[in-house]
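Report on one structure; see the data block that follows.
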Amino acid sequence: MSTSPTISFIGAGNMASAIIGGMLDSGFKAANIWVSAPDDNHLQSIRKQFGVSVTTDNRYCAEQADMVVLAVKPQVMADVCQDIAPVVQNTRPLMVSIAAGLEADTLDEWLGGGLPLVRVMPNTPSLVGKGAAGLYANDQVKDKQKAMVESVFNSIGSALWVDEESLLHAVTALSGSGPAYFFLMLEALEEAATDAGIASGTARALAIQTMAGAAEMAGRSEHDPGQLKRNVMSPGGTTEQAIQTFEDGGMRDLVKKAYSAAYKRSGEMAKELAKKQ
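Quick look at the structure:
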């Protein structure tokens, strides 16, 4: 990989745009970014927004790259990979897939085999630069290539590696589905505060800022979440009463059940997708 690598995106949806925006904000050069998609009108809007190079030719886009990000829907991934396979077998770039459910060996087979490949499980907060991505690399990926993937996905949040590909299902149940868990808590808090007489807009703003502040404290603190929780509580106080109500209601078990359901479904969906290919 060159010192100023060229990165090509096959697919130009919201996640690809979020990654490109984060890369540019982090100092990547627009001149080293290519994007391909079938809709030229959409591509032209991306070109105007980011100043990157665009093309409707996936093969040409892949041919430019030291790193190719496969950012298309799983249902069309086989066709896309098989189309660009002759090119990437010749140029041997690092391949990166952000498609859920498609295993590395399957992708590599569609691409002709033997390529360095990283699977990434990003999440929707990546769209606002606060993403949490799980990464898995096959045996062909070199340390320098891992560092490049990290730099790309750290530009839209944080990126952490897992040692086994199967753990991406656990990542899906945590950070992939996780934003919806917190949105549910926001929704419930807003409803409770509104019932207590606070205007809905005020309740929502207070709940959002409280969640954002708690997340920032957890990220900066040397203490674990349990200690941070205890730091807010005082004997006989309001927080203690609320936390005890959560505990008595079985909140921990409910969270574990919800997580397990998401984890199980992730594995099922991967198998369903494999059967359709």
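Counting from 1 along the sequence shown, just add 48 to a position and that's the residue number in the numbering used here. Just so it is clear, CB atoms sit at the ideal spot from N, CA and C, and this is done for glycine as well.
State buried or exposed for N171, treating a residue as buried only when at least 16 other CB atoms are found within 10 Å of its CB.
Here residue 171 refers to the residue found at position 123 of the sequence shown. That one is buried.
If I follow the unbroken alpha helix (DSSP H) through I81, where does it start and stop?
In the sequence shown, counting from the first residue as 1, residue 81 sits at position 33. Looking at the DSSP string, I81 is not in any alpha helix (DSSP H); the run it does join, the beta strand (DSSP E), is I81 to S84.
Note the first and the last residue of the continuous alpha helix (DSSP H) segment covering T35.
As shown, the chain starts at 49 and ends at 325. That puts residue 35 outside it, with no answer to give.
According to the Cβ coordinates, are D105 and T54 closer than 7 Å?
Residue numbering aside, residue 105 sits at position 57 when the sequence shown is read from its first letter. Residue numbering aside, residue 54 sits at position 6 when the sequence shown is read from its first letter. Contact flag unset, no.
Comparing alpha-carbon positions, which option in A221, L254, S225 and A152 lies nearest A236?
For the purposes of this step, residue 236 is taken as the residue at position 188 of the sequence shown. Ranking A221, L254, S225 and A152 by Cα distance to A236 puts L254 first.
Please go through the same chain and pick out, in chain order, the residues whose beta-carbon is closer than 8 Å to the beta-carbon of V136, but skip the five residues on each side of it.
In the sequence shown, counting from the first residue as 1, residue 136 sits at position 88. Cβ neighbours of V136 beyond the five flanking positions: A110, V116, M143, L159, G160 and L163.
Just the C-alpha distance for G69 and D87, rounded to the nearest angstrom, thanks.
In the sequence shown, residue 69 corresponds to position 21, counting from 1. In the sequence shown, residue 87 corresponds to position 39, counting from 1. Answer to the nearest angstrom: the Cα atoms are 20 Å apart.
Can you tell which of A147, I146 and L118 has the C-alpha that lies nearest to the C-alpha of A133?
Residue mapping note: residue 133 aligns to position 85 of the sequence shown, counting from 1. Residue L118 is the option with its Cα nearest to A133.
Go ahead and pull the three-state DSSP assignment for R140.
The sequence position of residue 140 within the sequence shown is 92, counting from 1. In this structure, R140 counts as coil in the three-state DSSP scheme.
Does DSSP classify A181 as helix, strand or coil?
The residue you call residue 181 lines up with position 133 of the sequence shown. Of the three classes helix, strand and coil, the one that applies to A181 here is strand, per DSSP.
Count Cβ pairs between the region 206 to 219 and the region 297 to 317 that sit closer than 8 Å; are there 3 or more?
Segments in contact, yes.
Can the beta-carbon of P374 be found closer than 7 Å to that of L321?
Past the edges of the chain, shown from 49 to 325, lies residue 374, and the structure says nothing about it.
Pick helix, strand or coil for F57, following the three-state DSSP scheme.
Residue numbering aside, residue 57 sits at position 9 when the sequence shown is read from its first letter. Looking at F57 - three-state DSSP - the assignment turns out to be strand.
Go to V116, then tell me how far its alpha helix (DSSP H) extends in each direction, as first and last residue.
Taking the sequence shown and counting its residues from 1, one reaches residue 116 at position 68. First-last for V116: M115 to L118, but that is the beta strand (DSSP E), not the alpha helix (DSSP H).
Helix, strand or coil for S65 per DSSP?
On the sequence shown, position 17 is the one that residue 65 refers to. Helix.
Starting from L208, trace the beta strand (DSSP E) in both directions and tell me its first and last residue.
Within the sequence shown, numbered from 1, the residue matching residue 208 stands at position 160. Run containing L208: G205 to W209, per the beta strand (DSSP E) assignment.
Could you work out which residue in T286, K323, V200 and A262 is closest to M63 when comparing CA atoms only?
Along the sequence shown, read from residue 1 onward, the residue named residue 63 stands at position 15. For M63, the nearest C-alpha among the options comes from V200.
Report the residue from V128, K192, A66 and V189 whose alpha carbon sits nearest the alpha carbon of V176.
Position 128 of the sequence shown, counting from 1, holds the residue named residue 176. Comparing Cα positions, the closest option is A66.
Taking one C-beta from the region 125 to 132 and one from the region 150 to 158 each time, how about it: are there three or more such pairs within less than 8 Å?
These segments touch.
Which residue marks the beginning of the alpha helix (DSSP H) containing V197, and which one marks its end?
As a working mapping, residue 197 is identified with position 149 in the sequence shown. V197 -> alpha helix (DSSP H) spans D191 to N202.
Under the rule that 16 or more other beta-carbon atoms within 10 Å means buried, what is S225, buried or exposed?
Within the sequence shown, numbered from 1, the residue matching residue 225 stands at position 177. Per the 10 Å Cβ criterion, buried.
Assuming A79 contacts L72 (C-beta within less than 8 Å), just tell me the rounded distance between them.
Here the question's residue 79 lines up with position 31 in the sequence shown. Here the question's residue 72 lines up with position 24 in the sequence shown. Not a contact, Cβ separation roughly 11 Å.
Counting only runs of 4+ residues fully inside the region 207 to 291, write out the alpha helix (DSSP H) ranges in chain order.
List check, alpha helix (DSSP H) in window: 215 to 219, 226 to 243, 248 to 268 and 273 to 280.
Which two residues bound the contiguous beta strand (DSSP E) that contains S101?
One-based indexing of the sequence shown puts residue 101 at position 53. That run of the beta strand (DSSP E) goes S101 to T103.
Since I94 is in the alpha helix (DSSP H), which residue starts that stretch and which ends it?
For the purposes of this step, residue 94 is identified with residue 46 of the sequence shown, where counting begins at 1. Start and end: D88 to F98.
Taking the beta carbon of I58 as the centre, do at least 16 other beta carbons fall within 10 Å, making it buried, or is it exposed?
The count along the sequence shown starts at 1 and reaches residue 58 at position 10. Answer is buried; the Cβ neighbour count reaches 16.
From what residue to what residue does the alpha helix (DSSP H) around A306 run?
Within the sequence shown, the letter at position 258 stands for residue 306. That run of the alpha helix (DSSP H) goes M299 to K324.
Taking 6 Å as the limit between beta carbons, can you name the residues of its chain near E316, skipping five residues before and five after?
Residue 316 sits at position 268 when you count from the first residue of the sequence shown. For E316, where only same-chain residues beyond five positions count, there are no Cβ hits under 6 Å.
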